[in-house]
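Under the working numbering, the sequence shown is numbered contiguously, ending at residue 360.
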Amino acid sequence: MLTTRKANDRGHFDHGWLDTYHTFSFGDYYDPEHHRFRTLRVMNEDRVAPGQGFGMHPHRDMEILTYVLSGSLEHQDSMGNGEVIHAGEMQRMSAGSGLMHSEFNPSGSEPTHLYQVWLLPSEKGIEPSYEQRVFDARERQDRLQLVAGPEGEPGAMAIHQDARVYLANLTPGGGLTHRVPAGRHAWLQVLRGEADANGAPLSAGDGLAVSDESTLTLASAAGAEVMLFDLS
């Protein structure tokens, strides 16, 4: 079964300094029909104006991934981390028993375009941790590149959940096929471009919930960048 979540149907708020889209209920946006998918709780697409951002605020008991599409994002947290996430880089933050952090666009002229994803953890109250990685884009041309998964997955950032997160760049005329194991589910998010998933046409910002399917075949006529979640 394939269920499309169209980009224009997402919750949308333009605060001037922040233009944000919410695939699932978040903050002031509540949609009981789209609260989460399996352990995938938040899928936000944000555009942050130059010199603006989110002041210090708390998180707990959530696995948080931030992927910057363009621009950069400056991060500081109560664990003592202070980093700048550049375009193409990904950050993993396990909030666990609790932490504080801030996120700002450090540029005076360039907006920041990013996706932030929250996954429910498999257990609460774990020790908070932070990780930031650059993944070689050449390793995801028309194939899935594992960027996050349970501890022990080679080359991936460790998250505290039975979930795997992949990136893929579909070249014009290219594609790939992902096998969905029995009893598993998938979520596909189109970050850029346009793609077909098992024949369903998708554009940038669209999401696709996948259940009771043995394979997911992706193709793109003009090229696309996608994020795929393998979920229990």
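Where is the CB? At the ideal position from N, CA and C, for every residue including glycine.
Query: Distance, Cα to Cα, Met-190 vs Leu-248?; Result: 5 Å
Query: Identify the continuous beta strand (DSSP E) that holds Asn-172 and give its terminal residues.; Result: 168-176
Query: Quick one: measure Cβ to Cβ for Tyr-113 and Leu-319, integer angstroms, because I've assumed they're closer than 8 Å.; Result: Only positions 129 to 360 of the chain appear in the structure, and residue 113 is not among them; the question remains open.
Query: Spatial neighbours of Ser-360 within its chain, please: CB distance less than 6 Å, with the 5 preceding and 5 following residues excluded, ordered by chain position.; Result: Asp-290
Query: Comparing C-alpha positions only, which one of Arg-138, Pro-278, Gly-301, Thr-151 sits nearest to Ala-349?; Result: Gly-301
Query: Within the same chain, show all residues whose beta-carbon is closer than 6 Å to that of Gly-303, passing over the 5 residues directly before and after it, in chain order.; Result: Leu-346, Ala-347
Query: Taking a contact to mean a Cβ-Cβ separation below 7 Å, would you say Met-221 touches Pro-186 in this structure?; Result: no
Query: Return the chain-ordered list of same chain residues with a C-beta closer than 8 Å to the C-beta of Leu-298, the five sequence neighbours on each side being excluded.; Result: Asp-270, Leu-304, Gly-321, Ala-323, Leu-346, Ala-347, Ser-348, Gly-351, Ala-352, Glu-353, Val-354
Query: At 3 residues or longer, and completely inside the stretch 257-305: list those beta strand (DSSP E) runs for me, N to C.; Result: 257-262, 273-277, 291-298
Query: In chain order, which alpha helix (DSSP H) runs of at least 4 residues are fully inside the stretch 175-230?; Result: none
Query: May I have the straight-line CA-CA distance separating Tyr-410 from Glu-267, to the nearest angstrom?; Result: The first residue shown for the chain is 129 and the last is 360, placing residue 410 beyond what the model contains.
Query: Anyone know if the C-beta pair for Asn-233 and Pro-178 falls short of 7 Å?; Result: yes
Query: Starting from the Cα of Gly-183, find the closest Cα among Thr-151, Asp-159, Leu-146 and give me that residue.; Result: Leu-146
Query: Tell me whether Ala-328 counts as near the ligand FAD, meaning its Cβ is closer than 6 Å to at least one heavy atom of that ligand.; Result: With respect to small molecules bound, the structure shown includes none, and the ligand FAD cannot be examined in it.
Query: Per DSSP, what are the beta-bridge partners of Pro-443 in this structure?; Result: The structure shown has nothing for residue 443, since the chain only spans 129 to 360.
Query: Within the same chain, show all residues whose beta-carbon is closer than 6 Å to that of His-129, passing over the 5 residues directly before and after it, in chain order.; Result: Correcting the residue type first, residue 129 is Met in the shown sequence and not His. For Met-129, where only same-chain residues beyond five positions count, the Cβ hits under 6 Å are Ser-339, Asp-340.
Query: Start and end of the beta strand (DSSP E) containing Ala-352?; Result: 352-359
Query: Skipping 5 residues on each side, what residues in its chain have a beta carbon closer than 6 Å to that of Arg-175?; Result: Asp-147, Pro-239, His-241
Query: What separation, rounded to the nearest whole angstrom, lies between the Cα atoms of Tyr-149 and Ser-225?; Result: 28 Å
Query: Could you compute how far the alpha carbon of Asp-358 sits from the alpha carbon of Glu-281?; Result: 13 Å
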